[in-house]
Amino acid sequence: AWFMFRMFGVNEVAILDGGLHKWFTEGRPIEQGKVTLRHRHFTVWRDPAAVRDLEQMKANVATGAEEVVDARSAKRFTGEEADPRGLAAGHIPGSKNLPYDRLLNEDGTFRGRDEIRAAFDEAGVDPSKPLVTTCGSGVTAAVVSFAAALLGREDIALYDGSWSEWGLRPDTEKEIGAGCKTTTTATA
Numbered sequence: 001a002w003f004m005f006r007m008f009g010v011n012e013v014a015i016l017d018g019g020l021h022k023w024f025t026e027g028r029p030i031e032q033g034k035v036t037l038r039h040r041h042f043t044v045w046r047d048p049a050a051v052r053d054l055e056q057m058k059a060n061v062a063t064g065a066e067e068v069v070d071a072r073s074a075k076r077f078t079g080e081e082a083d084p085r086g087l088a089a090g091h092i093p094g095s096k097n098l099p100y101d102r103l104l105n106e107d108g109t110f111r112g113r114d115e116i117r118a119a120f121d122e123a124g125v126d127p128s129k130p131l132v133t134t135c136g137s138g139v140t141a142a143v144v145s146f147a148a149a150l151l152g153r154e155d156i157a158l159y160d161g162s163w164s165e166w167g168l169r170p171d172t173e174k175e176i177g178a179g180c181k182t183t184t185t186a187t188a
């Protein structure tokens with residue numbers, strides 16, 4: 001939800017760290033019943049810089065201008081584990097792997113900034129390049145995007161098509177393995 005709000009122009013967005021499950025577990029108060037909302041005007045606008053499409057991602061494979069970070073598990077990233085939707089195995093050429101769960105504590109809260117920074121460093125993410133996050137369907141990529149924002153990054157975009165689009169298409173290059181210089185497959 002954080003990503004969607006930001007993409008449509010809501011800049012002051014908060015996240016309930018740990019979600020409702022943690023809130024309930026801690027015995028915090030909740031309200032029930034009908035809520036009366038006051039009328040407010042909000043103009044929705046789309047920030048195109050916040051999202052990447054297929055053609056932009058293909059161009060980035062050629063230039064490497066943006067750092068692509070894949071939030072899927074290491075086994076799905078390398079192609080060791082099959083995609084649950086039956087898509088091609090592997091990852092976008094040149095992308096780095098930072099599984100989203102490495103950014104979270106066991107209770108679902110985000111790790112501290114030092115741990116998050118260390119996770120980005122261990123994944124080999126170049127902090128000088130603009131960041132594009134991706135995953136299987138565009139959802140967990142937002143976890144990596146938010147973690148980067150916690151570190152003060154503002155140059156963050158999300159490839160919403162993610163592997164659901166890239167892995168489905170016969171005209172996209174795919175890498176198998178952990179590194180960037182691995183077997184690449186594509187058909188035109």
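With the numbering used here as the guide, the letters of the sequence shown map in order to residues 1 to 188. Cβ coordinates follow ideal geometry from the N, Cα and C atoms, glycine included. Small disclaimer: the values here were computed from a predicted structure and weren't measured.
{"Item": "Stretch-stretch touch, CB-based, cutoff 8 Å, three pairs: the region 157 to 168 with the region 8 to 25", "Value": "no"}
{"Item": "Thr36 in three-state terms, based on DSSP", "Value": "coil"}
{"Item": "Identity of the residue in Pro84, Val44, Val144 nearest Asn11 by Cα", "Value": "Val44"}
{"Item": "Length-filtered (4 minimum) alpha helix (DSSP H) runs lying within the region 7 to 75", "Value": "19 to 25, 54 to 63"}
{"Item": "Range covered by the alpha helix (DSSP H) that runs through Ile116", "Value": "113 to 122"}
{"Item": "C-beta atoms of Thr140 and Trp166 nearer than 9 Å", "Value": "no"}
{"Item": "Spatial neighbours of Asp70 in its chain, beta-carbon cut-off 6 Å, leaving aside the 5 residues before and after", "Value": "Phe77, His91, Ser95, Asn97, Thr134"}
{"Item": "Contact check, Thr172 vs Leu37, beta carbons under 9 Å", "Value": "no"}
{"Item": "Coil, strand or helix - Leu151 by DSSP", "Value": "coil"}
{"Item": "Residue(s) in a DSSP beta bridge with Val132", "Value": "Val68, Ala157"}
{"Item": "Member of Met7, Asp17, Arg72 whose CA lies at the smallest distance from the CA of Asp47", "Value": "Met7"}
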